[in-house]
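Q:
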Amino acid sequence: MGVRSKGKKRVFAPKSRSGSLEAEAVEPSHPELVVGIVAAVGTPIDLAVRLIAQSIESFGYAVETLHLSQYTDQFKLRNRPPSSPASSAERIDAMMSRGTEAREITARDDILALAAIADIHVRRRGHNAARSRAAYVLRQLKHPDEIYLLRETYGEGFLALGFYSPRVDRERHLREGGAKESEIKKLIERDAHEGLDSGQRFRDTFHLADAFVRIGSDSAACEQELRRIFSLIFGAEIIAPRRDEFGMFQAFGAALRSAQMGRQVGASLLSDLGDVIAVGTNEVPRAGGGSYWEGIDPDVRDHRRGADSSDEMKSGLVAEVVQRLVAARMLKAKRAGPDVISRASAALSSSRLDALIEFGRAVHAEADAIAAAVRLGVSTRDADLFCTTFPCHLCAKQIIAAGIGTVTFIEPYPKSLAEELHRDAICLEEPQEGKVLFKPFVGVAPRRYAQLFSMLSPAGRVIDRKDKMGKPLDSLFRPRLRMPYFSALERERLVSEQLGKITNKKGKS
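Using the working numbering, you'd call the opening residue of the sequence shown number 1 and step up by one each time.
Printed below as a string of structure tokens:
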């Protein structure tokens, strides 16, 4: 459906004679939107909520903010709500404890998101009726299961917004709120990963966002970025991807060709003009250059061999340690059976032994991209590297040696010792003269790239950008993220009813 401007009046003109469920007005033309905020402790959340509301309201939507922490009041918890005179640090810590306990006692790590969904249902007055131009902002998500449930429930109607604030800014924000230095470190570490399955797991949640926004003292820049994101979501104007978004999408695409069983990682190298120098993925190398592609025979990738080489080697190391303890008479031989080795492996699951990455057969994505550039004879000096996951310490030294200028990443990699081992050569978050900058990605996440930047709707319809005179349309509004109000069976019934109306009408003529 095209949109033509006629003075100040917005006119919706059909693109073709084909019908659609939207044309029959069985769904709101301005569907509801659920926005989930993902941010680390110390991030100025009040500012984020206010700027989100302003951006959405500018498109004629009404915004309601739901506090997930308040839903803990629905459960009988040992951890009490923070008392009135509690400091900000005590209040944050208490609410973290209540959230963790609520997840534990219900055996549902998505319990707070579940409560928010039920609240939204009630706010619709319990009639399952769709509300036009309504948005709900969820403050805030701390566990990946919460995002999973919201996506399974609302589909494209759910948008996770990740707000990135440098650690130094978050520490300052907590300090200004009255938190002590010891409390600040404790809160940040607990928030990142509490060490419990049902605990705070911001580190595992943030990278799942649909878009990433930097927020700090410059609220105008954050406001402008949010305006851009919601203009894309509501289809309000023609917006193309930035260089960083393009680079990360190339890395994302490269990642999808990996058949590794542990994770898929992708990387891309871009010139200062945005030319793609090379891409790489984590995959087993093949003689002659490059890595294995699907269909190559023989195929000896790990999933074909039936075992991950890294896991095999680490299990062998544990068995060797047990055997050496027996040889040194520090462990009795009769106690060194398979059960002991299995328990020892479990006990070392979070140790540095388990974090060893040297024994994987796959070339890492960053190294693969650098090697591809070498094969092509293209310099990597001052090139920018985009990778879906923070580089490990093995790749970090290759990145430094290759003369790469900046590294942009999305997902964290806790096993990486890049910063500890190469403090002289790399810096994190903020640039330093003479060092390679490793910085978090900001912009539309690659998982939403095609959906928000394409000229085609999810159904494949062309989205008009110009009028019959070849001029850009000056009044666009076609939401790209649509709440899936109907199931396939319900849509099938509605389409059948449409056909019945058409055939009955034709039969009478």
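Just so you know, even glycine gets a beta-carbon here, dropped at the ideal spot from N, CA and C.
Since the structure is predicted, the reported quantities are computational estimates derived from the model, not experimental observations.
#1: Among THR389, GLN398, GLY403, which one has its Cα closest to the Cα of PHE252?
#2: Taking the alpha-carbon of SER379 as reference, which of GLY405, ASP299, GLY289, VAL41 has the nearest alpha-carbon?
#3: What does a CB cutoff of less than 8 Å around GLY216 pick up in its chain, not counting 5 residues either side in sequence?
#4: For the alpha helix (DSSP H) that contains ILE238, what are its first and last residues?
#5: How many angstroms separate the CA atom of GLU245 from the CA atom of ILE238?
#6: Would you check if the distance between the CB atom of ALA445 and the CB atom of ASP210 is smaller than 7 Å?
#7: In chain order, what residues of the same chain lie with their CB nearer than 7 Å to the CB of ALA25, ignoring the 5 residues before and after it?
#8: Checking 7 Å against the spacing of the C-beta atoms, do SER310 and PHE359 come in under that value?
#9: In angstroms with no decimal places, state the Cα-to-Cα distance between GLY247 and PHE386.
#10: Which whole-angstrom value describes the C-beta separation of ALA40 and ASP191, a residue pair presumed to lie in contact below a C-beta threshold of 8 Å?
#11: With 16 other CB atoms within 10 Å as the buried threshold, where does ILE410 fall?
#12: Of all the beta strand (DSSP E) runs that stay within the bounds of the segment 326-393, which reach a length of 3 or more residues?
#13: Among SER351, GLY288, ALA367, SER87, whose alpha-carbon lies nearest the alpha-carbon of LYS314?
#14: For ALA220, count neighbouring Cβ atoms within 10 angstroms of its own Cβ and tell me buried if that reaches 16, exposed if not.
#15: Check ILE37 in the structure and name its three-state DSSP category.
#16: Quick check for students: name the residue ranges of the beta strand (DSSP E) that lie wholly in the segment 395-481, counting only runs of 3 or more.
#17: I believe ALA525 touches GLU283 by the beta-carbon criterion, under 8 Å. Please report the beta-carbon distance rounded to the nearest angstrom.
#18: In whole angstroms, give me the CA-to-CA distance for ALA355 and ARG201.
#19: When you compare the segment 496-504 with the segment 48-58, are there three or more beta-carbon pairs, one atom per stretch, that lie closer than 8 Å?
#20: Does the beta-carbon distance from ALA514 to ALA254 come in below 7 Å?
#21: Just how far apart, CA to CA, sit GLN398 and LEU159?
#22: By alpha-carbon positions, which one of HIS303, GLY280, SER231, GLY235 ends up nearest to GLY262?
A: According to the data block:
#1: Residue numbering aside, residue 252 sits at position 252 when the sequence shown is read from its first letter. It is THR389.
#2: Numbered from 1 along the sequence shown, position 379 holds the residue referred to as residue 379. Closest option to SER379, Cα to Cα, is GLY405.
#3: By 1-based counting over the sequence shown, the position of residue 216 is 216. Closer than 8 Å at Cβ, skipping near neighbours: PRO44, SER165, PRO166, ASP169, CYS222.
#4: In the sequence shown, counting from the first residue as 1, residue 238 sits at position 238. Unbroken run through ILE238: none, as it is neither H nor E.
#5: Along the sequence shown, one-based indexing puts residue 245 at 245. Along the sequence shown, one-based indexing puts residue 238 at 238. When rounded, the distance between both Cα atoms is 16 Å.
#6: To locate residue 445, count along the sequence shown from 1; it is residue 445. To locate residue 210, count along the sequence shown from 1; it is residue 210. Their beta carbons are under 7 Å apart, which means ALA445 touches ASP210 by this criterion.
#7: Numbered from 1 along the sequence shown, position 25 holds the residue referred to as residue 25. Below a pLDDT of 50, predicted positions are generally treated as unreliable, and ALA25, at 47, falls in that range; the measurement from the model is reported next regardless. If we look at ALA25 and ignore the five residues flanking it on each side, it has no Cβ neighbours.
#8: By 1-based counting over the sequence shown, the position of residue 310 is 310. By 1-based counting over the sequence shown, the position of residue 359 is 359. For SER310 and PHE359, yes; Cβs fall inside 7 Å.
#9: The residue given as residue 247 occupies position 247 in the sequence shown. The residue given as residue 386 occupies position 386 in the sequence shown. Each residue's alpha carbon lies about 6 Å from the other.
#10: Here residue 40 refers to the residue found at position 40 of the sequence shown. Here residue 191 refers to the residue found at position 191 of the sequence shown. About 6 Å; that satisfies the 8 Å criterion.
#11: Residue 410 sits at position 410 when you count from the first residue of the sequence shown. Flag for ILE410 reads buried.
#12: 384-389
#13: The residue given as residue 314 occupies position 314 in the sequence shown. Out of SER351, GLY288, ALA367, SER87, SER351 has the C-alpha closest to the C-alpha of LYS314.
#14: By 1-based counting over the sequence shown, the position of residue 220 is 220. Exposed, because fewer than 16 other Cβ atoms sit within 10 Å of the Cβ of ALA220.
#15: Here residue 37 refers to the residue found at position 37 when the sequence shown is read from its first residue. DSSP places ILE37 in strand when its eight states are reduced to three.
#16: Counting whole runs of 3 or more residues, the segment 395-481 contains the beta strand (DSSP E) stretches 406-411, 426-428, 436-440.
#17: A question about residue 525 goes unanswered here, because the residues of the chain that appear run from 1 up to 509.
#18: Within the sequence shown, residue 355 is the residue found at index 355, counting from 1. Within the sequence shown, residue 201 is the residue found at index 201, counting from 1. Rounded to whole angstroms, ALA355 to ARG201 spans 19 Å at the Cα level.
#19: no
#20: Nothing can be reported for residue 514, as the shown portion of the chain is limited to 1 through 509.
#21: Indexing the sequence shown from 1 puts residue 398 at position 398. Indexing the sequence shown from 1 puts residue 159 at position 159. Cα-Cα distance, rounded: 36 Å.
#22: Position 262 of the sequence shown, counted from the first residue, corresponds to residue 262. Looking at the Cα atoms, HIS303 is the closest of the given residues.
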